[in-house]
Structure formats: structure tokens, C-alpha cells
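Going down the list, the protein sequences come from chains A, B, C and D.
If you count by my numbering, then the first sequence holds residues -9 to 187, one letter each, in order.
If you count by my numbering, then the second sequence holds residues -9 to 187, one letter each, in order.
If you count by my numbering, then the third sequence holds residues -9 to 187, one letter each, in order.
If you count by my numbering, then the fourth sequence holds residues -9 to 187, one letter each, in order.
Backbone N, C-alpha and C fix where the C-beta goes; we use that ideal spot for every residue, glycine too.
One structure is given below, encoded as C-alpha cells.
4 protein chains.
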Amino acid sequence: MDETGMGARKPRMDAQRNRSHILEVAEQFFSEQGVAGSLDAIAKRAGVGAGTLYRHFASRDALLAALLQARDQELDARRAAIQREEVDSTERLARWLDALIDWVTAFDGLPAPLRDALSEDGSPLSLTCQGFITTTEEFLRAAQHDGGAHPWVRGRDLFLSALATGWVSGAAMADDSSAQALRAMMRSGWAIRGNRE
Amino acid sequence: MDETGMGARKPRMDAQRNRSHILEVAEQFFSEQGVAGSLDAIAKRAGVGAGTLYRHFASRDALLAALLQARDQELDARRAAIQREEVDSTERLARWLDALIDWVTAFDGLPAPLRDALSEDGSPLSLTCQGFITTTEEFLRAAQHDGGAHPWVRGRDLFLSALATGWVSGAAMADDSSAQALRAMMRSGWAIRGNRE
Amino acid sequence: MDETGMGARKPRMDAQRNRSHILEVAEQFFSEQGVAGSLDAIAKRAGVGAGTLYRHFASRDALLAALLQARDQELDARRAAIQREEVDSTERLARWLDALIDWVTAFDGLPAPLRDALSEDGSPLSLTCQGFITTTEEFLRAAQHDGGAHPWVRGRDLFLSALATGWVSGAAMADDSSAQALRAMMRSGWAIRGNRE
Amino acid sequence: MDETGMGARKPRMDAQRNRSHILEVAEQFFSEQGVAGSLDAIAKRAGVGAGTLYRHFASRDALLAALLQARDQELDARRAAIQREEVDSTERLARWLDALIDWVTAFDGLPAPLRDALSEDGSPLSLTCQGFITTTEEFLRAAQHDGGAHPWVRGRDLFLSALATGWVSGAAMADDSSAQALRAMMRSGWAIRGNRE
DNA sequence: GATGAATGAGGCTTCATTCAT
DNA sequence: CATGAATGAAGCCTCATTCAT
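See the structure below:
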């Protein structure tokens, strides 16, 4: 009796609209002020009541998680791209870690909730993290198999390294070269043969 | 001119006593609650007015800096000890970085203000940081000279690495092995020959 | 497309089912959290939309009233039982008041809306209350006629006393003896000869 | 060097002023809206920041307790007056209970926090309550000794009765006669010989 | 009928910092 | 010098109720 035909009930068009509008605003907002900005302010800026925001995203982490999903897909695309590239497994891992660092640097202050999510494990963010840890492990295993990465390194550690590297760049460090250096150090940290040695 | 001879005002004594008492309390407090705790609470716990605290320490960072000085001395002692040890320059650098990480982990949440201090450079903490960066550079230079460290690594980068490593351990990660792994990765990152390779 | 026979609307069945399910859930909920709990939560727990809840019960009081009806019947049964018992009219009144107190204590915080209903008189609860006041009056009249109750007492007052007694027990007073004492005091309050005198 | 002469340091005149102004406003406010009114609103009305109110009164109960102190003194005065009156101990108890009921009715909704305070016992209100329970016990003991009150009644129960009686009157009952009736019932509840019998 | 999204005021609380005393 | 009162914006979150779908 509905307009259905298939699955789609009533997507609550307005709800969807609101949800995505909130996401847009939040993206903008977090980009400007970092992920610690006021949720109320986001709601206001989105032109919705605070309750509406809370209905859609029960917590800051939930909002963040939703926000990251879009980027998740980018990251996933990048992963696929990396896997298609004609380079060895070690270089692949390196590129993946670079991608991870970029992802983690999407917003100011993002590394912190991600790190926390790893130990809370009830957080909406932990799923996301877990996924990328797994991916990291896959890349890592290949590199280890090919003798390109130390056998004692674990995917989780690399992920944490990426977080940490992102965190360092977090502050308006003005010093971009440090970020580069850290990436390089990180690489020569897990790689059997350092990249610039 | 002081309280010494005759009329004996209590000024200096008071102030000193207050200052050190505040420091004791703050040390305790930050140990328990991390460095983000309320300054008011510290003042109250120390039994002084908020104004008094502000007179002695103009900002949270100033308090932190003063607090770290005690530890600075420990760290400096450790540095001296390391320099007396009968190991090569590479191992010395490694031990110094370990010491640095320990120092940075003194309080929960300490790495963040330190990182920020590096880019603000008006902060009371930057002096402290600068000192340790310099020390790090000395160790590093020796190691590089002996071929134990990559020539492209800078002291500042190692300091940041130490901060980052401390930051990662910050959360109740429950996973102590990660911390170890990060230290190892960090080492094989700057070292020409990794430690467990 | 429906599950029934032919044209088959689901109206009545659905509605009835919903209504009673809401009631079940609300009963459970109010038992746990007291009558001041969130209606939204009840709707959610019942698996219906907030609107549905409101359709069935226009207000919290309406829900409460419906909820009490089930208990009303119990109470009515108890009234009938009391009237069949082989005791004098005074004892009957006493037992009825005990029954009333039990009824009023069904949920945490119930006495308050009942009290309010008495003075608002547009409330869905006032009907319920009125009924019991009337019953109380009947018992009371008999007792007064037999010389067992003070002539100056009114049914309404006894009802209020029951409410008040229930209200006192409302808090987790931990002190059950107080509840007993209050019942006793209440009895010797209206009775011509106190029960433990 | 102040106006003192003895202990009084600096009473923080402005603080005192604020404090009492808040109290005045709160008194007014609670009289109008009942004790459940918004604390923020009180702060605003008093022309102080919310923080100021919280500094002076850490919780609603604390504010209430302070507010009641003025009345406490009245009540205490009344107690003294009653004790000077030329009536027997039973009548004294009756008058004391009346005073208690009046006190408890000072603000709309006051009985509830008082009741809760009795079981929480960390509440700023419990002290006040305890005091009056004790006083009640003294009056009661005298009456019991003179054969004017049932021996099985306890001071605590009478206090609760007073609370309950006040609570009943709490709603805009419009029915003043009920309040009277309840007082009478309460009296004939504890008294060996009812007052209107 | 049912749904559940939206509202949005309103509650409580915290805190860095200033300034009169 | 020390005090600690005052500020007051901000933060987070809840909930009864309405209404478009």
C-alpha cells in the first residue's frame, strides 16, 4: 500500500536530509575547529535542535564515526589502488601506512579519540579502527613474507604508529619536515632495509 | 633585607612555602587525574586561594614546567649516568630516548602540552623541551658519527618520536606490549642496524 | 498482501495488541523506575513510536489510569472479599484502608499524581480516585454507624491519609517499621478505640 | 584592624551580601514556584552568575537547608514558646506538631526533599530534620509519661506524619478542610484520648 | 493508525581568570 | 602577598509533545 515495490519504506526524506546536512556541517566544523568542538554549536550551525543531532548521533564518537565513513571509503579505494600498483609488498605497506596517516589527519585532534577507541572497544570508532588494523595486518604479512618487514612487528603496532605520527603533526607544528621525517623513521622502523639508508 | 635580622616579616618564607606546597599537591594531583585536571581543585587541595596559585604560576603550562623541573633534574642525572656507562654511542642514544619516554609519561596527558609548546614557543614548557632536544642532538650526533644512526635523522624528530610514543601509551591501553613494540620500532627507525633484526 | 483473509484491514487487532503491549511494558517500566520515568523510553521499549503511545494515552496520567485499572480490579476483588469476611465494620474499614495503601504503593511515586488528580479533576486519574473514595465512604459509614469510627471523619480524608501513608513509604526509607507505625497511627486516628491501645 | 576586635577576618562583605541576596530571591522564588524551580533562574533573578550560586550552595538541598535555617529559628522560638505555655504535655505535643506542619508547608514541594533527606543522610537537610525529630521525641516522651500519648508511637513516626500531612496539603487542594481533618486524625492517632471524640 | 523525526527550551555543572578586599 | 568571590559562557544531555509522512 506504500510507494514501495521493493524494500524502501519511507526513508524519512527529511531525516535523511537532516542527517546528511548535519554531517556536512560537522565536517566543516571539525575541519575548522578540530574534533573537540561543541556539538551544540554544530547543531545550531546545522539549523537543527540539539535533540535532533543527538537522535542521529548519540555521541561525539558516533558522529565522528559517521563522518569518517565517507573517508573510510576513500581509504578503502586507496587500498584497492595500492594493491593494483606494480610495486613490491614492502612498498605497498609503506604506501598504505601513508594513506593511513593521511586519513588520521583528516581532522585536528582526531588521533586522540581513535586511540581511546582502541582501548574502550564499546566505541563506535573501534569498528572502524579494527577494520584498518586488519588491513594493515594483511599488508604487513605480505611484506614480512617477502622479507621486507621485521617479523616481530604487528599490525596493531603499525596502526598505533600511524596514529602517533598523525598526532604529532596535529599541532600547528608549522614544521612540515618533521612530519616527513617521522614517516621516514617509521618506515625504517619496520622495514628490514631502511628507505634512505 | 629579608626576614633575617629584626622586624622579621614572613613574606619570603610564606611565599616559598606556598610555592613548594602547591607543587607537591599539583604533582600528586596530576599523577592521579592527569594534567588536564582543574587548577581550582589544586588550589583548594593546597589550601591556598586561586589567586595565589596564579601568582606563582601564571598558567597551567607554567605550573607544569615548574613541576617538571624536579623531574628534569632526575632526567639530567640519568643523562649523566648514561654518559658514564660503558656502552657505545648508539646504545647511549637508545637509553637516552628510553629515559625521555619515561619522563614524558610522568603524568597522564603530558605529551599534549609538550607537543603544543614546541610550536607555540612562548610557552614556559618550550625551554624545557628545547633543553632536551639539545641533549638528544648531542647523543644523536655521537651516534651518527659512529655510524650508529641514520644521518638524516634530527634531534627534534627523535624528541617528537619520544613524545608520540609516550602519547600512545597514554591511554589505558592495557596493552603493554604495544608500548614495547613502539620503542623497538622507534629504535630500528633511527638506528642503522635494528636492535632485534 | 496482508496476513489475513481478503481485504482484511489490520486496524482493531493491531491497535488492541499495541495498547496492551504498551501497558505491559509500562507496568514493568514503572515498577522499575517509578512513575516519573520517560515516556519515550516506554515507547521505545514497547517497540512503538512515540506517537502511537500518545494516541492510546494522551498523557502520562492517562497511561497511569489505564495501568491502574488492572489493579483496580484486584482492589475491587479485595473489597468484595473484605465485605464477605466475618468481621465487624470497623475491622472492615481497617482492612480496606490497608488494601488502599497497598494499591497506592504499587509504583514508586504514584501517590503524587493521585494527589494532584484530586484537585485538578480533569485528570483521567480522578475518576479512579473518586471511585475509591466512594468505596471508602461506604466502609466508613458502616463503621461510623456501628460506633467504630469518629463521626467527624470523611471518606476523602481517609483516602488522603492512605495516599500520604503510601507517600511516606515511597522513599527507600529502609525503615519498614515506620510504615507499620503510620498505619497503626492512622487507624487509631479514625477509630473510636485504637487498635493497640 | 578591621571592625572586629576578635576573630572576624574579612567577612567578604560582598559575599555576604550576595549570599543573603540569593537567599532572599530563592525564598521568594520557591514561594512562588515551589522548591523544584530552576536554580539557574534563581541565579539570574538574583543577578549573579550561576557559578556564584553554586559556590554558596553546592546543591539544591544545601540552598534549601540554608533557607530553612531562618525558619528553623522561628520554629525553635515556637518550641520555646510552647514549652512556656500553661498546658499539659499532650497539648504541647499537639501544638508542636502543628508548628512542624506549618514549617514543612513553608514552600510548595518541601516535604519531598525532607523525606528523601531522612533516608539519604548525607543531605544537608538531614541535620535539620534530625534536630526536629529529637525535639519531637522530647515532647512525645513527656506526653507518654503523662499518659497522653500511645507508648508505641515514636518521634520519627510523628515527624513523618507531619511531613505526610504537609505533603497532602501541598497540592493546590483548594480543600482546606481536609488539611484540618488530617491534623485532627493525626492527633487522635497518637493521643490516648482523641481531641474531638 | 502508526511512525519516529524534530523541536528547543531548560536543567545542571564546571572552570580559567580577574579583582576587590 | 594572599585571598577567594564572582563571573558567565559553554558544555552536555533529556524529554514531552507535535506533525509530516
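Looking only at its chain, what residues have a beta carbon closer than 8 Å to the beta carbon of T42 (chain B), apart from the 5 residues adjacent to it on each side?
Walking along the second sequence from the start, residue 42 (chain B) turns up at place 52. Hits under 8 Å: N8, I12 and A33.
Give the residues from the stretch 130 to 150 of chain C that approach chain D closer than 7 Å (Cβ to any Cβ), ordered along the chain.
H140, W142, V143, R144, R146, D147 and L150
When you compare the CB positions of R222 (chain D) and W157 (chain C), do they come within less than 9 Å of one another, or not?
The structure shown does not extend to residue 222 (chain D), since chain D is modelled only from -9 to 187, so the question has no answer here.
List the residues of chain C whose Cβ lies closer than 9 Å to the Cβ of T95 (chain D), in chain order.
To locate residue 95 (chain D), count along the fourth sequence from 1; it is residue 105. Per Cβ cutoff of 9 Å: no residues; T95 (chain D) is ~13 Å from chain C at best.
Around the Cβ of Q63 (chain C), are there at least 16 other Cβ atoms within 10 angstroms (buried) or fewer (exposed)?
As a first step, residue 63 (chain C) must be located in the third sequence, where it is residue number 73. The residue is exposed, with fewer than 16 neighbouring Cβ atoms inside 10 Å.
Determine the DSSP secondary structure at A181 (chain D), reduced to helix, strand or coil.
By one-based count along the fourth sequence, residue 181 (chain D) stands at place 191. A181 (chain D) falls in the strand class under three-state DSSP.
Closer than 8 Å by beta-carbon distance: list the chain B residues that pair up with V15 (chain A), in chain order.
Stepping through the first sequence from its first residue, residue 15 (chain A) is reached at position 25. Under the 8 Å cutoff, chain B gives no residues; its nearest Cβ is about 27 Å from V15 (chain A).
Using a Cβ-Cβ cut-off of less than 7 Å, give me the residues of the stretch 110 to 128 of chain B that come near chain A, in sequence order.
none
When the cut-off is 9 Å and only beta carbons count, does A174 (chain B) lie next to chain A?
Here residue 174 (chain B) is taken as the residue at index 184 of the second sequence, counted from 1. Chain A, which has a Cβ nearer than 9 Å to the Cβ of A174 (chain B), makes this yes.
Where does A16 (chain B) fall in DSSP's three states?
In the second sequence, the residue the question calls residue 16 (chain B) occupies position 26. The answer is helix: DSSP assigns A16 (chain B) an H, G or I state.
Please return the same chain residues whose Cβ sits closer than 6 Å to the Cβ of A36 (chain D), not counting the five positions on each side in sequence.
Taking the fourth sequence and counting its residues from 1, one reaches residue 36 (chain D) at position 46. Excluding positions up to five away in sequence, the list reads H11, I12 and V15.
So, for R(-1) (chain A): in the same chain, excluding its five sequence neighbours on each side, which residues have a beta-carbon less than 6 Å away from its beta-carbon?
Start at 1 with the first residue of the first sequence, and residue -1 (chain A) comes out as number 9. In this prediction, R(-1) (chain A) has a pLDDT of 45, which is less than 50 and means its spatial position is unreliable; what the coordinates show is noted afterwards. Here the set comprises nothing.
Of all the CB atoms in chain A, is at least one closer than 9 Å to the CB of A171 (chain B)?
As a first step, residue 171 (chain B) must be located in the second sequence, where it is residue number 181. By this cut-off, A171 (chain B) is an interface position.
Would you check if the distance between the CB atom of F129 (chain D) and the CB atom of R82 (chain D) is smaller than 9 Å?
Within the fourth sequence, residue 129 (chain D) is the residue found at index 139, counting from 1. Within the fourth sequence, residue 82 (chain D) is the residue found at index 92, counting from 1. Here F129 (chain D) is near R82 (chain D), since their CB atoms are less than 9 Å apart.
Which chain A residues sit within Cβ distance under 9 Å of W157 (chain B)?
On the second sequence, position 167 is the one that residue 157 (chain B) refers to. Chain A residues near W157 (chain B): P101, A102, R105, L153, A154, W157 and V158.
In the DSSP output, which residue or residues are listed as bridge partners for A139 (chain C)?
Here residue 139 (chain C) refers to the residue found at position 149 when the third sequence is read from its first residue. Its beta-bridge partners are C:A181.
Using only alpha-carbon positions, find the residue among A:D66, A:L58 and A:G138 that is nearest to T124 (chain A).
Stepping through the first sequence from its first residue, residue 124 (chain A) is reached at position 134. When only C-alpha atoms are compared, the closest one is A:D66.
Roughly how far, in whole angstroms, is the beta-carbon of A107 (chain A) from the beta-carbon of L115 (chain A), given that I think they are within contact range, below 8 Å?
As a working mapping, residue 107 (chain A) is identified with position 117 in the first sequence. As a working mapping, residue 115 (chain A) is identified with position 125 in the first sequence. So it is a contact: roughly 4 Å between Cβ atoms.
Going by DSSP, what residue range makes up the alpha helix (DSSP H) through P153 (chain B)?
Here residue 153 (chain B) refers to the residue found at position 163 of the second sequence. Checking the sequence, you will find Leu at residue 153 (chain B) rather than Pro. Segment G145 to G160, the alpha helix (DSSP H) holding L153 (chain B).
Is there a C-beta anywhere in chain D that falls below 9 Å from the one on S10 (chain C)?
Along the third sequence, read from residue 1 onward, the residue named residue 10 (chain C) stands at position 20. Not closer than 9 Å to any Cβ of chain D, the Cβ of S10 (chain C) fails to qualify, so no.
Determine, using beta-carbon pairs with one atom in the stretch 133 to 142 of chain B and one in the stretch 130 to 142 of chain A, whether at least three such pairs fall under 8 Å.
Segments in contact, no.
Does the Cβ-Cβ distance between P57 (chain D) and F97 (chain D) come in under 9 Å?
Within the fourth sequence, numbered from 1, the residue matching residue 57 (chain D) stands at position 67. Within the fourth sequence, numbered from 1, the residue matching residue 97 (chain D) stands at position 107. The sequence given here has Leu at residue 57 (chain D), not Pro. Taking 9 Å as the Cβ cut-off, L57 (chain D) and F97 (chain D) qualify as a contacting pair.
Comparing the C-beta of S168 (chain A) with each C-beta of chain B, is any distance below 9 Å?
Along the first sequence, read from residue 1 onward, the residue named residue 168 (chain A) stands at position 178. It does; some Cβ of chain B falls within 9 Å.
Does any CB atom of chain D fall closer than 9 Å to the CB of W86 (chain C)?
Translated into the one-based positions of the third sequence, residue 86 (chain C) becomes position 96. By this cut-off, W86 (chain C) is not an interface position.
Flag this pair as yes or no: are the beta carbons of R68 (chain A) and A89 (chain A) separated by less than 9 Å?
Here residue 68 (chain A) refers to the residue found at position 78 when the first sequence is read from its first residue. Here residue 89 (chain A) refers to the residue found at position 99 when the first sequence is read from its first residue. Yes, they are a contact pair.
Is S49 (chain C) close to chain D? Criterion is C-beta to C-beta, closer than 9 Å.
Taking the first residue of the third sequence as 1, we reach residue 49 (chain C) at position 59. So, not an interface residue.
Could you tell me the distance, in whole angstroms, from the CA atom of L54 (chain D) to the CA atom of Q120 (chain A)?
One-based indexing of the fourth sequence puts residue 54 (chain D) at position 64. One-based indexing of the first sequence puts residue 120 (chain A) at position 130. In a straight line, the C-alpha of L54 (chain D) is about 51 Å away from that of Q120 (chain A).
Return the chain-ordered list of same chain residues with a C-beta closer than 7 Å to the C-beta of E17 (chain D), the five sequence neighbours on each side being excluded.
Along the fourth sequence, one-based indexing puts residue 17 (chain D) at 27. Excluding positions up to five away in sequence, the list reads L57.
Taking Cβ positions, are L172 (chain D) and L150 (chain C) nearer each other than 9 Å?
Translated into the one-based positions of the fourth sequence, residue 172 (chain D) becomes position 182. Translated into the one-based positions of the third sequence, residue 150 (chain C) becomes position 160. In this structure, L150 (chain C) lies closer than 9 Å to L172 (chain D) by Cβ.
Using a Cβ-Cβ cut-off of less than 9 Å, give me the residues of the stretch 21 to 32 of chain B that come near chain A, in sequence order.
None of the residues of the stretch 21 to 32 of chain B has a beta carbon lying less than 9 Å from any beta carbon of chain A.
Quick one: measure Cβ to Cβ for S167 (chain C) and T95 (chain C), integer angstroms, because I've assumed they're closer than 8 Å.
Here residue 167 (chain C) is taken as the residue at index 177 of the third sequence, counted from 1. Here residue 95 (chain C) is taken as the residue at index 105 of the third sequence, counted from 1. So it is not a contact: roughly 16 Å between Cβ atoms.
For a contact defined as C-beta to C-beta under 9 Å, what are the partners of S79 (chain D) on chain C?
Numbered from its first residue, the fourth sequence carries residue 79 (chain D) at position 89. By Cβ distance, chain C contributes nothing, its closest Cβ being about 18 Å from S79 (chain D), past 9 Å.
Starting from G41 (chain A), follow the alpha helix (DSSP H) in both directions and report where the run begins and ends.
For this step, residue 41 (chain A) is matched to residue 51 along the first sequence. Segment A40 to H46, the alpha helix (DSSP H) holding G41 (chain A).
Mapping DSSP to helix, strand and coil, what is E110 (chain D)?
In the fourth sequence, residue 110 (chain D) corresponds to position 120, counting from 1. Reduced to three states, the DSSP call for E110 (chain D) is helix.
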